[in-house]
Amino acid sequence: MAEPSNKSETEFSLIQLLPNVLTITAICAGMSAIRFGVQGNYTLAVQLIIAAGILDAMDGRIARLLGSCSKIGAELDSLADFLNFGVAPALTLYFWALQDIRGLGWISVLIFAICCVMRLARFNVGNKSGDEDHDCAYFEGVPAPAGALLVMLPIYMSFTFADAPMLPGLVICIYMILIGFLLISRIPTWSFKTTRISRGNVRFFLIGVAIIGAALLIFAWITLIALCLGYIGMVIWAGIDKKRPSGR
């Protein structure tokens, strides 16, 4: 067997391993979210799923910046996405509100998880073939991280309006299934990866990010509700606009 001609082919610096470290940390967060969901600590479970989403947003970008992208890293990231955005949110919802309607509740969990893994599989196939929508201005369907944040909307609402009666389990099941269908839909959803900001608007963009960040720290659940409703509104508008005749 020929020896590697370059030492860099067999060795990695610690900084090059950072993306995989972030992915594994996200997996730990997702697994821990399931554990705390079982224990009834739903606040911490939701926070860990959100943390996993933040780590997911970072690992791929850091890998590209460091030039440390790899097939193993891509596969690890996809498996982490299924756990963190398909399994953990669905189980958290089940432990939180759906155990009393076990049959329908569990079916809803399975449907959402299956839709998530199908969404990820479609993305991976397109990624390998080079024509997936992640290179364009829009995704086809709601991305898995966004789906995870959207599906937990009933929990955010219960945290915000603690004195209000909880939504019926049937309503939560229907909502979970609808979000699952959005994951595998062909509705175009905005991809922030290709968004460009003009030089003159950079300061306004940064101010907006700072305001949203501060709101998430101070009024976390209300801000998440507003973001979810805004995103759902964009998805609905995109679905209507897609069906509208072009006028030509």
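Numbers in the working numbering are just positions in the sequence shown, counted from 1, shifted up by 42.
The beta-carbon is built from N, C-alpha and C at its ideal position, and this holds for glycine as well.
**Item:** Supposed close pair Leu-108, Gln-58 - CB separation, criterion 8 Å
**Value:** Between Leu-108 and Gln-58 the beta-carbon gap is near 6 Å, inside 8 Å, which marks them as a contact.
**Item:** Neighbourhood of Asp-205 by C-beta, 8 Å cutoff - its chain only, sequence neighbours within 5 removed
**Value:** none
**Request:** Can you give me the start and stop residues for the beta strand (DSSP E) that Tyr-180 sits inside?
**Result:** 180 to 182
**Request:** Decide if Glu-117 is buried, meaning its Cβ has at least 16 other Cβ atoms within 10 Å, or exposed.
**Result:** exposed
**Prompt:** Is any heavy atom of the ligand HEM found at a distance shorter than 8 Å from the C-beta of Cys-111?
**Reply:** Ligands are entirely absent from the displayed structure, and the ligand HEM is therefore not among its contents.
**Prompt:** Expressed to the nearest angstrom, what Euclidean distance is found between the alpha-carbon atoms of Asn-83 and Ala-68?
**Reply:** 19 Å
**Request:** With Pro-230 as the anchor, note down where its beta strand (DSSP E) starts and where it stops.
**Result:** 230 to 232
**Asked** Using DSSP with H/G/I as helix, E/B as strand and the rest coil, what is Pro-131?
**Response** helix
**Prompt:** Less than 9 Å separating the beta-carbons of Cys-158 and Gly-115?
**Reply:** Result no, Cβ atoms of Cys-158 and Gly-115 do not sit closer than 9 Å.
**Prompt:** What residues in its chain sit with their C-beta under 7 Å from that of Met-314, if we drop five residues either side in the sequence?
**Reply:** The structure shown does not extend to residue 314, since the chain is modelled only from 43 through 290, so no value can be given for it.
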